[in-house]
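Enquirer: Read in our numbering, the sequence shown has 85 at position 65, and its numbers run on one by one without any break.
Beta carbons are placed, not taken as given, at the ideal position from N, Cα and C, and that holds for glycine.
Structure provided below as structure tokens; questions to follow.
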Amino acid sequence: MLNVNEIKEIIPHRYPMLLIDRVIEMDIEEKLFVKGYKNVSANEAYFQGHYPQEPIMPGVLQIEALAQAGAVAILSMEKYKGKTPLFAGTNKVRFKGKVVPGDRLDLYCEIIKIKGPIGIGKGIASVDGKTVCEAEILFALQ
């Protein structure tokens, strides 16, 4: 549905912090969600130090990838176009598995509440159909 260049037209993130490669499904009319993915490459810079002998994608970057999926949904809405999404916090974070080089990290983020410039997204990241991370993500739009 959206390739990486189209995603870059919506959200301000750029390499090395752009953590969503493709959007495969999106609804900004009713449910307000994005499904997308990040192809996790062995060439990611963070694998040099996390951990060289057994590379694992840091959990905080999994949450950031989910937040970026949510940002694509929000910033695709006409009234929020051009805003800057700010990370405001997390609730109910759980890590349930590893993400390693070669994995496709599937991302789902649904905006469950938005009032003015503040909102909450519920994110689930999975690999091969198994949940590896879930979180409520709080955000503000500036």
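Between the Cα of Glu156 and the Cα atoms of Gly149, Ala145, Lys150, which residue gives the shortest distance?
Expert: The residue labelled residue 156 in the question sits at position 136 within the sequence shown. Looking at the Cα atoms, Ala145 is the closest of the given residues.
Enquirer: Along the chain, where does the beta strand (DSSP E) containing Gly143 start, and where does it finish?
Expert: In the sequence shown, residue 143 corresponds to position 123, counting from 1. First-last of the beta strand (DSSP E) with Gly143: 138-147.
Enquirer: Taking all protein chains shown into account, do 16 or more other C-beta atoms lie within 10 angstroms of the C-beta of Pro105, making it buried, or fewer, making it exposed?
Expert: The residue you call residue 105 lines up with position 85 of the sequence shown. Buried, because 16 or more other Cβ atoms sit within 10 Å of the Cβ of Pro105.
Enquirer: Under the three-state reduction of DSSP, which class applies to Leu122: helix, strand or coil?
Expert: Translated into the one-based positions of the sequence shown, residue 122 becomes position 102. For the sequence presented, residue 122 should be read as Gly rather than Leu. The three-state reading of DSSP puts Gly122 in coil, since its state is none of H, G, I, E or B.
Enquirer: Whole angstroms are fine: how far does the CA of Lys150 sit from the CA of Leu22?
Expert: Here residue 22 refers to the residue found at position 2 of the sequence shown. Here residue 150 refers to the residue found at position 130 of the sequence shown. Approximately 24 Å between the Cα atoms of the pair.
Enquirer: Just the Cα atoms here: how many angstroms apart are Ile30 and Pro72?
Expert: Residue mapping note: residue 30 aligns to position 10 of the sequence shown, counting from 1. Residue mapping note: residue 72 aligns to position 52 of the sequence shown, counting from 1. If I take the Cα positions, the gap works out to 34 Å.
Enquirer: If you check the beta carbons only, do Lys116 and Val152 fall under 9 Å apart?
Expert: In the sequence shown, the residue the question calls residue 116 occupies position 96. In the sequence shown, the residue the question calls residue 152 occupies position 132. Yes, the pair counts as a contact, with Cβ atoms nearer than the cut-off.
Enquirer: Which word fits Met37, buried or exposed, when buried means at least 16 other C-beta atoms lie within 10 angstroms of its C-beta?
Expert: Mapped onto the sequence shown, residue 37 falls at position 17. With fewer than 16 Cβ atoms within 10 Å of its Cβ, Met37 is classed as exposed.
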